[in-house]
Amino acid sequence: MSGGENARRRFLLSLGALAVSTRLHAQPRFASYPFSLGVASGYPTPDSVVLWTRLTGELAPAAIPVRWEVFAEESLSTAVASGQALADPLWAHSVHVEAKGLGPERWYWYRFSAGDAQSAVGRTRTAPRAAATAPRLRFAFASCQQYEQGYYGAYRHIVADAPDLVAFLGDYIYESSWGRELVRSHASGETYTLADYRARYALYRSDPDLQAAHAACPWIVTWDDHEVDNDYADDRPEDGMEREPFLERRAAAYRAYYEHMPLPPRMRPDGPNMRIYTHLDWGALARFYVLDDRQYRSWHACPRPQRRAGSNTVDIERCARLTAPGRSILGRAQERWLDGELAGSRAAWNVIAQQTRMAQFDTKPGPGRHAWTDAWDGYPAARQRLLDSFKKTSNPVVIGGDVHTFYANQLKLNFDDPASPVVASEFVTTSITSQSWAQERLNQYLPDNPHILLSESRFRGYTRVDVSPARMQVDLRGMESVQRRDASCRTLASFVVDNGIPGPVRA
Ligand SMILES: [Fe+2]
């Protein structure tokens, strides 16, 4: 990793001009409202939760003290936890507080203040105690919110559902502009520098519906490619950029990601390296494995001619590299970690929260098979290893995004063998706004993929999950439109998974 180490050093040097954070600005006066990006929380445990905000505006290049308070009642009568954090200009004046000493399985309210300014009030929730059998968990998951392609009305419906938790599975921002019938603009080009990425996050986070969803409950998050660059893999971008400058770009992108997400301080990036994969327990009811399938993945097999990396649709007979056993989508360390966590879990439900589609999806009608190399189809040996480790896990359920389409899939040890057992369920959520393939195109592939029970690309929206010890219910929620903020949303289809019986069943 000497190249990565160089990129890290050069990136830190490029931050040097800002390195004045030892100065403290104790009595700040703000020319504009400094909490314009709202508040957020995340990563709840039975006694703690991460609280986030970021100060904005024309701020002095000095650390600014920010006071935080947590309340047990919505009336905000008595603070049950409080403290002071420093908003450091090196980290874009963001604040990541681990509020500790809280009680398990209950709602809390929180707010920040700096100078004479006060933030909006956020609501958050702690997880149940490890041994507690939480009777119920309700969560939503979402992905892919290209800002220009629509409004974030889906979040209004998520807020109305009042979930305990939101899982965001990648493409929180888009580094570039694309699509048709745009409703708003990035008003700037593709992001490369730290300033570019910071401005892009600030733009996305200015959206009131997105802010309301962050303020409504804790989130857990992972990224996909567009938080950095389309279709990147580890240290290799899609286009001709060399490794060193690309790692500097990745360092800038990861840093801006950290600065804008309610991530625990332990996830703070070190140059182009940032460990975000982790697990989160919801009592004895559920465990989430939040994975990172971008940072450590093997380069794409058989990219298009003239490309160094990037997705491609390949004929599996003509891409020998695809099936090489050493190829990994999670990287060796994360694979080992996940295998151990799955084997050691005592949770009734094991939810694998990752970026993309895991089930095989043959896009060559008739004999033969085509595979899209950016999803798990590009890493079949790694998928097989994970499916094998599911055999020793209670109720594995994979959730994903990326493909801007709802899918409900049976995950099978051998997708080509109708008699092969189903070992897990998979639900892929559609995008919040990002545009998709035509439904007619998907329909022609379905006869070759009998393990795919549903494939629906016509709607933007989110997925709602209700977990109890006996069963998981999954509602696919489709927006009438993303051209208006106040569009309606309806349940397009519902599936259940019964405890002990892998695979989705239409409700
Ligand atoms: Fe996307």
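Residue 62 is where the sequence shown starts when you use my numbering, and the numbers rise one by one after that.
Even glycine gets a Cβ: it sits at the ideal position worked out from N, Cα and C.
According to DSSP, M328 shares a beta bridge with no other residue. C-alpha of K452 to C-alpha of P428: approximately 30 Å in a straight line. When only Cα atoms are considered, A531 and F488 end up about 18 Å apart. Per the CB criterion, closer than 5 Å to any heavy atom of ligand 1, the qualifying residues run in chain order as C205, D232 and S495. If you compare the alpha carbons of E501, T185 and L271 with that of A215, the shortest gap goes to L271. For D536, there is no enclosing alpha helix (DSSP H); the residue is part of the beta strand (DSSP E) that begins and ends at R532 to M540. If the five residues before and after V483 are omitted, its C-beta is found closer than 6 Å to the C-beta atoms of Q471, K473, P563 and G564, all from its own chain and listed in chain order. Runs of the alpha helix (DSSP H) lying entirely within the segment 238-286 and spanning at least 4 residues, in chain order: 255-266 and 269-277. Nearest to I390 by alpha-carbon distance, out of G401, R418, A409 and A404, is R418. Listed as beta-bridge partners of S549 by DSSP are no residues whatsoever. The beta carbon of C380 is closer than 7 Å to those of A362 and C363 in its chain, skipping five residues each way along the sequence.
Nearest C-alpha to A263 among H247, A273, Q210 and V566: H247. Here the C-alpha atom of N456 lies approximately 38 Å from the C-alpha atom of E130.
For T339, the three-state secondary structure derived from DSSP is strand. Secondary structure of F307 (DSSP, three-state): helix. Between the segment 343-359 and the segment 83-100, the count of Cβ pairs shorter than 8 Å is below three; the stretches do not touch. In the three-state reduction of the DSSP assignment, A175 falls in the strand class. Under DSSP, D559 forms a beta bridge with R532.
Non-local beta-carbon contacts of S238 in its own chain, meaning distances under 7 Å to residues more than five positions away in sequence, involve E209 and H247 in chain order. Sorting A414, Y440 and R407 by C-alpha distance to the C-alpha of V375 places Y440 at the top. Excluding sequence positions up to five before and after V282, its CB lies within less than 6 Å of the CB of F229 and M322, all in the same chain and listed in chain order. Each residue's CA atom was taken as its position, placing A146 and A181 some 17 Å apart. Only residues of its own chain outside the window of five on either side were considered, and among them Q505, Y506, P508 and D509 have a CB closer than 8 Å to the CB of P426, listed in chain order. Between the alpha carbons of R186 and I219 lies a distance of about 16 Å.
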